[in-house]
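Numbering (our numbering), first residue to last: 1 to 293. Every residue gets a Cβ at the ideal spot worked out from N, C-alpha and C, and that includes glycine. Treat the numbers as computed from the prediction; the structure is a model and nothing was measured. These notes are about the structure you will find just below.
Quick look at the structure:
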């Protein structure tokens, strides 16, 4: 064709494409906005959890990148997501480490780049425990920030803890000490994943009863347990209903006769580490157990 310039035609196509894309593309929705309130609450393993509301164009993968949280951990807290699609407006539970929270107002906080962080008081929690243990802050700082006239806290009270940058969460240090980065937590997540796989095509059985702590086992520092009704190497789910904590354990054998007390057979025997993660103080406690048959 006379006078045809292929480069001019290609340029026209590119210009048209970019014009169409820029004029019709939807604006990106940030994960958090300055108007959002990050309301934390105590999880089953005593960590700080947040229910994120899904916005347009957000995916589990991008969410895991934003919150610096492995996908396996997100599935741990949201097991139903493995068999369902993500929808706008849906709540997805994610753990929030202390490193993500600006707990001290050393400098002026840019209100356009930060969301307020609150903590919802759970039963039997004290101001001292929340300040010193959970957030590693002076009690007086939280008291003044929330204009508290007493240290008595009602269940459900919202305490302003600090601020969180909406741009991103800081990456964990090489030797992170946050609970969600600990080897035990990662092991618990891995056992949870194995448990979910074992559920495929099998029936989940629930039972409750007495649990004992096997302090004499050589595996006291592992997430292991003894159980009479499942094969060795099976994964079981153990709950302490008093503390509302859950730990997954690998079964290493039947319950040793030495752990029976007054001829009463315990439902399960757990390692010292599991007992500690469940918040157990005594050598015996009431428990819910789930396993596959």
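- Within the same chain, Cβ atoms closer than 8 Å to the Cβ of residue 81 are found at 60, 74, 75, 92, the five residues on either side in sequence being excluded.
- The DSSP-derived three-state label of residue 95 is strand.
- The C-beta distance from residue 121 to residue 157 rounds to 4 Å, short enough to fall under 8 Å.
- For the 8 Å CB-CB criterion, residue 230 and residue 278 do not form a contact.
- According to the DSSP assignment, residue 63 belongs to no beta strand (DSSP E) but to the alpha helix (DSSP H) extending over 60 to 66.
- Under the DSSP definition of a beta bridge, residue 53 partners with 91.
- Residue pairing for residue 165: DSSP places it in a beta bridge opposite 114.
- Annotated as distal: residue 210 and residue 271, with beta-carbon spacing of 8 Å or more.
- Residue state for residue 132 is assigned as helix, using DSSP reduced to three classes.
- By the criterion of a C-beta distance shorter than 7 Å, residue 207 is surrounded in its chain by 267, 289, once the five residues flanking it on both sides are discounted.
- For residue 77, the three-state secondary structure derived from DSSP is helix.
- An exposed status is given to residue 129, since fewer than 16 other beta-carbon atoms sit within 10 Å of its beta-carbon.
- In the same chain as residue 38, and ignoring 5 residues on each side of it, the C-beta atoms closer than 8 Å to its own belong to 32, 50, 96, 115, 116, 117, 118, 164, in chain order.
- Judged by DSSP in its simplified three-state form, residue 148 adopts coil rather than helix or strand.
- Distance between residue 212 and residue 198, taken at the CA atoms: about 25 Å.
- For residue 275, the enclosing alpha helix (DSSP H) covers residues 272 to 277.
- Residue state for residue 122 is assigned as coil, using DSSP reduced to three classes.
- Cβ contact annotation for residue 243 (same chain, cutoff 6 Å, sequence separation greater than five): 279, in chain order.
- Assignment of residue 190 by DSSP, reduced to helix, strand and coil, places it in the helix class.
- Residue state for residue 195 is assigned as helix, using DSSP reduced to three classes.
- Within its own chain, no residue has a Cβ closer than 6 Å to the Cβ of residue 110 once the five positions on either side in sequence are excluded.
- Residue range 235 to 240 is occupied by the beta strand (DSSP E) that includes residue 237.
- Its Cα nearest to that of residue 137, the residue 101 stands out among 101, 195, 154, 166.
- Per DSSP, the unbroken beta strand (DSSP E) holding residue 206 starts and ends at 204 to 213.
- Looking only at 112, 274, 147, 152, the smallest Cα-Cα distance to residue 166 is reached by 112.
- Within 10 angstroms of the beta-carbon of residue 43 lie 16 or more other beta-carbons, which makes it buried.
- Following the DSSP letters along the chain, one finds residue 40 inside the beta strand (DSSP E) bounded by residues 37 to 42.
- Rounded to whole angstroms, the separation of the alpha carbons of residue 276 and residue 241 is 14 Å.
- Per DSSP, the beta-bridge partners of residue 292 are 204.
- Residue 142 sits in a helix when the DSSP states are folded into three classes.
- Taking C-beta separations shorter than 7 Å and ignoring five residues to either side along the sequence, the partners of residue 70 in its chain run 64, following chain order.
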